[in-house]
Amino acid sequence: MTLTQAVLPTESWLAKLGLVLAGTLLVAASARVEVPMYPVPMSLQTLAISLIGLTYGARLAGATLLTYLAQGAAGLPVFAGGGAGVAYMMGPTGGYLLGFVAMAWLTGLMVERGFGRGLPRLFLAALVPATLLFVPGVAWLWAITPLDLPGAIAAGMLPFVVGGLVKSGVAALIAAGGWQALRGQK
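Under the working numbering, the first residue of the sequence shown carries the number 123, and numbering increases by one thereafter.
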């Protein structure tokens, strides 16, 4: 059971739509909190995506990030730096954007498979997918820029490792706090 299922025990499509839209707003807002770097900015998006995965579960989290990408592709300025459109998605951050869907889905899947309770497990459920996000991100960066593979790793992974650890920890703490608050209400 996910935290969202515990709080909203309904299968209503309207409730799910509301959660998806709330999630896309969270990711879009987190994209605005950024440290401009080239070729990939540092933002709070991975924190938001971890939270969505930790609380929504695999299917709803994946649907949320697919909707976020669709919003951006349609021209809504939801990406870091206010970016929007398919052309932006094909730029240096494209691999990360596509990887966001897998990250959210895998985080949710880990929660559904037993990593949804307890701080250490929640931390792993956030950290493993966030780390795997570097695979499509760095590969895309390597493919579409003049950077060689070590250069793509240096530009697209190394600056983000410590932040990824911290954001995974913060997401796990928030999710654990949600479960704690829910237990306190019963």
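Idealized CB from N, CA, C, for every residue including glycine.
Annotation: the segment 145 to 190 contains the following complete segments of the alpha helix (DSSP H) (minimum length 4 residues), in chain order: 167 to 178.
With 16 or more neighbouring CB atoms inside 10 Å of its own CB, Val233 falls in the buried class. For the 8 Å CB-CB criterion, Thr146 and Thr189 form a contact.
Short of 6 Å from the beta carbon of Tyr218, and not among the five residues preceding or following it, lie these beta carbons of its own chain, in chain order: Gly259. Of all alpha-carbon atoms in Gly175, Leu280 and Ser152, the one lying nearest the alpha-carbon of Ala297 is that of Gly175. Taking C-alpha positions only, Ser134 is separated from Trp264 by approximately 43 Å. Residues Trp301 of the same chain have their beta carbon placed closer than 7 Å to that of Arg239, with the five preceding and five following residues left out of the count.
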